[in-house]
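A.B. asks: Right, I'll just put the structure down here and ask away after.
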Amino acid sequence: MDERKSDAERVTDAIEDIGADRLTDAIVDAWERAGLDTGTPTWPDDEPRFRVRPPVSDEGAGLDALAAVLDTTPRRPEAAFCYLDLGRRADLVGPRRVELEALSGHADVTVDADHTAGTVPFAPETFDALAALFEDLSYLVVRDADGVAIAEWRGETLRFALPDGDVDAVKNALDAATADRIERAE
C-alpha cells in the first residue's frame with residue numbers, strides 16, 4: 001500500500017478494485033487499513049433487533065422510519081458514521097450544498113471528489129443535514145455514548161434495536177405500508 005495516498009484515495013482504490021456490488025465491504029476494508037472508524041455496528045445485547053425495508057414507491061419512508069426510531073429509543077444518539085455518494089465535485093447549490101459542507105467540516109470526515117465519509121457528533125443539525133442529503137446516503141450507523149448502535153441504514157434497509165415494547169411506538173409513527181414491513185431480525 002502506498003503510504004502517500006490519502007484515506008479518500010485508498011477508499012476509491014478499494015472500490016475500483018472490488019467493484020460497486022461490494023461497495024460496503026470495500027469501504028470497511030479501506031477504513032480499517034487506514035485505522036479509521038468503519039461504521040460497523042455493535043448491537044446491544046439486551047434489546048431485540050428489527051429491520052424494515054420501506055416501500056420503494058415512498059421516497060421519504062426510509063427517513064421517516066429513521067426519525068421514528070431515533071424519537072422512540074430510550075438511548076441518546078451520540079455519534080453518526082455516514083457514507084454519502086457526494087463529494088467536493090458534487091454539483092450542488094443551496095441548502096444541500098450547505099448541509100454537505102456542514103458534515104464534511106468535521107475532523108473525522110474524509111471528503112473525496114465523489115464521496116464523503118466519516119463520523120460526526122449527532123445533534124439536531126446533524127439529522128437535518130442527513131435528511132437533506134438522504135437520497136445520497138449509502139450507509140449510516142447512529143450510536144449512543146457507549147458506541148452501541150441504535151440504527152443502521154444500508155442497502156435501502158433500516159436496522160435498529162429497541163426495547164420490546166417500543167417497536168409499537170415506531171409502527172404507530174409510520175404509514176401502514178412501512179409499519180407492516182417491520183420484522184424482527186435475529
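Counting with this note's numbering, you get residues 1 to 186 for the letters of the sequence shown. All C-beta atoms in this analysis are idealised placements derived from N, C-alpha and C, irrespective of residue type, glycine included. Note that the structure is a prediction, hence the values are computed from the model and not measured.
Given Gly147, which residues of its chain have a CB within under 6 angstroms of its CB, disregarding the five upstream and five downstream residues?
C.D. replies: Counting only Cβ-Cβ distances below 6 angstroms, and skipping sequence neighbours, we find nothing.
A.B. asks: How is Ser138 classed by DSSP in three states: helix, strand or coil?
C.D. replies: Strand.
A.B. asks: Under three-state DSSP, which class holds Gly155?
C.D. replies: Three-state DSSP puts Gly155 in coil, outside helix and strand.
A.B. asks: Any idea which residues DSSP pairs Leu84 with across the strands?
C.D. replies: Answer by DSSP bridge pairing, in chain order: Thr116, Leu137.
A.B. asks: What are the residues that DSSP puts in a beta bridge with Val52?
C.D. replies: In DSSP, Val52 forms a bridge with Leu158.
A.B. asks: Does the contact criterion of 3 or more C-beta pairs under 8 angstroms hold for the segment 37-54 versus the segment 96-107?
C.D. replies: Short answer: they don't touch.
A.B. asks: Thinking C-beta only, is Val167 closer than 8 angstroms to Pro41?
C.D. replies: Contact: no.
A.B. asks: Measuring only the C-alpha atoms, how far is Arg53 from Asp13?
C.D. replies: Each residue's alpha carbon lies about 30 angstroms from the other.
A.B. asks: Secondary structure at Val170, three-state DSSP: helix, strand or coil?
C.D. replies: Val170: helix per DSSP, three-state reduction.
A.B. asks: With 16 as the cutoff for other CB atoms within 10 Å, does Pro55 come out buried or exposed?
C.D. replies: Counting Cβ neighbours within 10 Å, Pro55 comes out exposed, since fewer than 16 surround it.
A.B. asks: Under 8 angstroms between the Cβ atoms of Ala61 and Thr157?
C.D. replies: No.
A.B. asks: What are the boundary residues of the alpha helix (DSSP H) that includes Arg184?
C.D. replies: First-last for Arg184: 183-185, but that is the beta strand (DSSP E), not the alpha helix (DSSP H).
A.B. asks: Whole angstroms are fine: how far does the CA of Pro163 sit from the CA of Glu9?
C.D. replies: For Glu9 and Pro163, the distance between alpha carbons rounds to 40 angstroms.
A.B. asks: Pair every Cβ in the segment 61-74 with every Cβ in the segment 104-118, then say whether three or more of these pairs are closer than 8 angstroms.
C.D. replies: Not touching, per the Cβ criterion.
A.B. asks: As a quick exercise: from Glu183, Arg181, Leu174, pick the residue whose alpha carbon is nearest that of Leu70.
C.D. replies: Of the candidates Glu183, Arg181, Leu174, the one whose C-alpha sits nearest the C-alpha of Leu70 is Leu174.
A.B. asks: Go to Val111, then tell me how far its beta strand (DSSP E) extends in each direction, as first and last residue.
C.D. replies: 109-111 is the extent of the beta strand (DSSP E) around Val111.
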